[in-house]
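As structure tokens, the structure follows; a few thoughts come after it.
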Amino acid sequence: MHYLTSCRLLFIVPLALLLSACATSPTGRTQLMLVSEGEAISYSKQAYIETVAQLDQKGKLVTDTAVTGRVDRITRDLVRQAEIMRPTSRDWDWEVRVIEDDEQVNAWCMAGGKMAVYTGLLKKLNPTDDELAQVMGHEISHALANHTAEKMSIAMATSLGIGVLSAATDRPELTAAAGAVAATLAIQMPNSRTAESEADRIGIELAAKAGYDPRAAVTLWDKMGKVGGASPPEFLSTHPHPAKRQATLRKLVEEMMPYYEQARAQRLRR
Ligand SMILES: [Zn+2]
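Quick note: the sequence shown uses this note's numbering, first residue 8, plus one each step.
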């Protein structure tokens with residue numbers, strides 16, 4: 008299914024809402040916004056708490072500190088840069104969990120910095136720290152660029168149907184339960200190609216500024232391409248032109264090398 012990311016969808020939304028529902032992304036793109044970022048963050052937090060509790064009950068949360076410690080360390084390095092790039096994210100309650108699922112070669116970040124990475128990604132790709140930083144940097148960037156709130160808006164408008172949409176038009180009555188459902192749906196929905204390009208760009212920059220080699224974005228991309236599987240990793244999802252993305256990444260690598268060299272000189276990476 009192709010999700011609309013422009014305001015084309017708004018013909019079904021009352022005019023008053025339409026006027027307030029479009030926002031602009033960091034690259035100047037118009038985004039459909041039925042859910043404010045603040046709402047997206049609070050609904051995502053609720054959804055994350057529920058998801059983590061369910062996984063914990065099933066014994067699906069990795070507790071091996073050799074694994075979680077590494078993911079934590081790399082994520083913390085990236086978060087430090089994210090908070091510099093976007094100071095409002097200092098208020099976010101950043102958190103990352105490793106989920107036991109060897110089939111999922113995936114990771115995600117909800118609005119407000121609630122993250123997860125699956126053991127399938129760690130085992131099947133066997134990423135270096137530099138490569139893992141690219142994955143987490145890319146996912147963090149989706150949250151920084153407000154893509155999650157955008158997808159939640161689309162989930163409200165399309166998947167959940169008119170009932171929730173009409174609730175959304177009367178914002179105070181938008182229930183937290185519906186919001187949490189939308190937050191959960193949002194991390195399962197593919198991003199638009201434009202959103203993917205934004206996340207690639209911001210992600211590689213965060214990683215470089217944290218001292219992680221931008222060239223790892225290219226090797227990671229190669230590794231992911233070889234893994235395949237029934238459902239492509241989020242990092243690979245909505246990209247019908249792999250060669251073009253590969254070329255764009257290579258160009259970004261050149262741009263980001265100075266940040267990387269500078270971060271290395273300052274020993275920013277822990
Ligand atoms: Zn992505």
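Idealized CB from N, CA, C, for every residue including glycine.
Owing to the predicted nature of the structure, the values given are computational and were not obtained by experimental measurement.
Coarse secondary structure for Glu5, derived from DSSP in three states: Limits of the chain in this structure are 8 at one end and 277 at the other, which puts residue 5 out of reach.
From the DSSP output, in three-state form, read off Val344 for me. There is simply no residue 344 to check, as the chain begins at 8 and stops at 277 in what is shown.
Alpha carbon to alpha carbon, how far is Trp115 from Glu241? Give it in angstroms, no decimals. 8 angstroms
Would you check if the segment 202-218 and the segment 119-128 touch, i.e. whether three or more CB-CB distances between them fall below 8 angstroms? no
For Pro134, count neighbouring Cβ atoms within 10 angstroms of its own Cβ and tell me buried if that reaches 16, exposed if not. buried
Between Glu46 and ligand 1, is the CB less than 7 angstroms from at least one heavy atom? no
Could you have a look at Gln273 and say whether DSSP puts it in helix, strand or coil? coil
Using only the heavy atoms of ligand 1, determine whether one of them is closer than 7 angstroms to the beta carbon of Asn153. no
Of all the options Lys67, Glu212, Thr191 and Thr58, which has the alpha carbon lying nearest to the alpha carbon of Leu259? Glu212
Can you give me the Cβ contacts of Arg277 inside the same chain, cut-off strictly under 8 angstroms, excluding the 5 residues immediately before and after it? Arg80, Arg83 and Asp84
Bridge partners - Leu68, DSSP secondary structure assignment: Ile106
I'd like to confirm something about Asn113: is its beta-carbon nearer than 7 angstroms to some heavy atom of ligand 1, or not? no
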